[in-house]
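Q:
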Amino acid sequence: MVDSLAPSVTLLLVRGKTVTLGVFGHEEAIIDKPIRPNEIFKILYSENVFGYSIFHAVLLQELLIDVSVFMSTFPQFFNGILKLRLGWILQAMKLSLEHLKGDVEDAVTLNTLPPNEIKQLLYYTLTSDIQQAPMQASDVEQNSSFQKRQMDGALCRVPADFFEHVWSILERTPGGIKLCGAFLPQ
Numbered sequence: 001m002v003d004s005l006a007p008s009v010t011l012l013l014v015r016g017k018t019v020t021l022g023v024f025g026h027e028e029a030i031i032d033k034p035i036r037p038n039e040i041f042k043i044l045y046s047e048n049v050f051g052y053s054i055f056h057a058v059l060l061q062e063l064l065i066d067v068s069v070f071m072s073t074f075p076q077f078f079n080g081i082l083k084l085r086l087g088w089i090l091q092a093m094k095l096s097l098e099h100l101k102g103d104v105e106d107a108v109t110l111n112t113l114p115p116n117e118i119k120q121l122l123y124y125t126l127t128s129d130i131q132q133a134p135m136q137a138s139d140v141e142q143n144s145s146f147q148k149r150q151m152d153g154a155l156c157r158v159p160a161d162f163f164e165h166v167w168s169i170l171e172r173t174p175g176g177i178k179l180c181g182a183f184l185p186q
């Protein structure tokens, strides 16, 4: 399966996205140029991913293929996302799954979902539209603004006019801005 990942990575890079492979909250490997299948294998089965969970290494492979398919068929899903952090996308999928489950006491986790439902959950996560949810939940409520911000944060998605606002602020600050120890000059 790893042999089919190199074209997926290349497709994402050609679309102008940077890809990171890793586990949420831990070190990630950044891929910003096409790499060979054996290099992808080394990343997935290194201590950064495989050391935390065998499941994550396998799920990241599936997710990488699904994300590249969605990138080629629905590029608008990725508007506002500059870096595809697959570990964070998995976290967003967990949030979506929790939201879909609601109060149900089922033991449904990402580990228990078949690949086709993982793909449906990814679709739901990227669209964040309850009305078009592929997993049918009869009493799921609309996303709250907190849940939407939480989802956008996990996906590293910014609003459409975010960068224009940043430039507007920088234009009005002749000395630049220091933010979290990083200096943004005018």
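Residues in the sequence shown are numbered from 1 upward in steps of one, following the numbering used here.
C-beta: ideal position from N, C-alpha, C; glycine also.
Here the structure is a predicted model, which is why all the values come from computation and not from measurement.
1. With distances taken from CA atoms, which of G153, S144, I169, P75 is nearest Y123?
2. Give every residue of the same chain whose Cβ lies closer than 7 angstroms to the Cβ of M71, excluding the five residues on either side of it in the sequence, and list them in chain order.
3. Skipping 5 residues on each side, what residues in its chain have a beta carbon closer than 6 angstroms to that of S68?
4. For a test of the three-state rule: what should DSSP assign to F183, helix, strand or coil?
5. Identify, in the order they occur along the chain, each residue of the same chain with its Cβ nearer than 7 angstroms to the Cβ of R36, setting aside the five sequence neighbours on each side.
6. Counting Cβ pairs, one atom from each stretch, are 3 or more of them under 8 angstroms apart for the segment 165 to 176 and the segment 90 to 101?
7. Would DSSP call K42 helix, strand or coil?
8. In chain order, what residues of the same chain lie with their CB nearer than 6 angstroms to the CB of T18, ignoring the 5 residues before and after it?
9. Leaving out the 5 sequence neighbours to the left and right, which residues in its chain are closer than 8 angstroms to M135 when beta-carbon positions are compared?
10. Between which two residues does the beta strand (DSSP E) holding V19 run?
11. In the DSSP assignment, find the unbroken beta strand (DSSP E) run with L84 in it and report its ends.
12. Within the continuous beta strand (DSSP E) that includes I31, where are the two ends?
13. Going by DSSP in three states, I89 sits in which element: helix, strand or coil?
14. Expressed to the nearest angstrom, what Euclidean distance is found between the alpha-carbon atoms of D161 and I81?
15. Starting from the Cα of T112, find the closest Cα among N48, F55, Q61 and give me that residue.
16. Excluding the 5 residues preceding and the 5 following Y194 in the sequence, name in chain order all residues of the same chain whose CB lies nearer than 7 angstroms to its CB.
17. Between F24 and the rest of its own chain, which residues show a CB-CB distance below 7 angstroms, the 5 nearest in sequence each way excluded?
18. Put R157 into one of helix, strand or coil per three-state DSSP.
A: A quick look at the data gives this:
1. Checked all of G153, S144, I169, P75; the closest Cα to Y123 is P75.
2. The answer, listed in chain order, is L11, L12, R15, F78.
3. Excluding residues within five positions, the ones whose Cβ falls inside 6 angstroms are S8, L11, L12.
4. F183 falls in the strand class under three-state DSSP.
5. Here the set comprises A6.
6. With the cut-off at 8 angstroms, the segment 165 to 176 and the segment 90 to 101 do not touch.
7. Residue state, collapsed to three classes: helix.
8. Excluding residues within five positions, the ones whose Cβ falls inside 6 angstroms are D32, K83.
9. For M135, the predicted structure reports a pLDDT of 45, less than 50, and the residue's modelled location is therefore unreliable. A value from the coordinates is still provided. These residues qualify, in order along the chain: L100, E117, Q120, L121, Y124.
10. Looking at the DSSP string, the run of the beta strand (DSSP E) that includes V19 is 18 to 22.
11. Where L84 is concerned, the enclosing beta strand (DSSP E) stretches over 83 to 85.
12. In the DSSP assignment, I31 falls within the unbroken beta strand (DSSP E) covering 28 to 31.
13. DSSP places I89 in helix when its eight states are reduced to three.
14. As the crow flies, the alpha-carbon of D161 is around 13 angstroms from that of I81.
15. When each option's Cα is compared against that of T112, the closest is F55.
16. Outside the modelled stretch of the chain, which goes from 1 to 186, sits residue 194, for which no answer is possible.
17. Closer than 7 angstroms at Cβ, skipping near neighbours: G87, W88, L90, Q91.
18. Correct three-state label for R157: strand.
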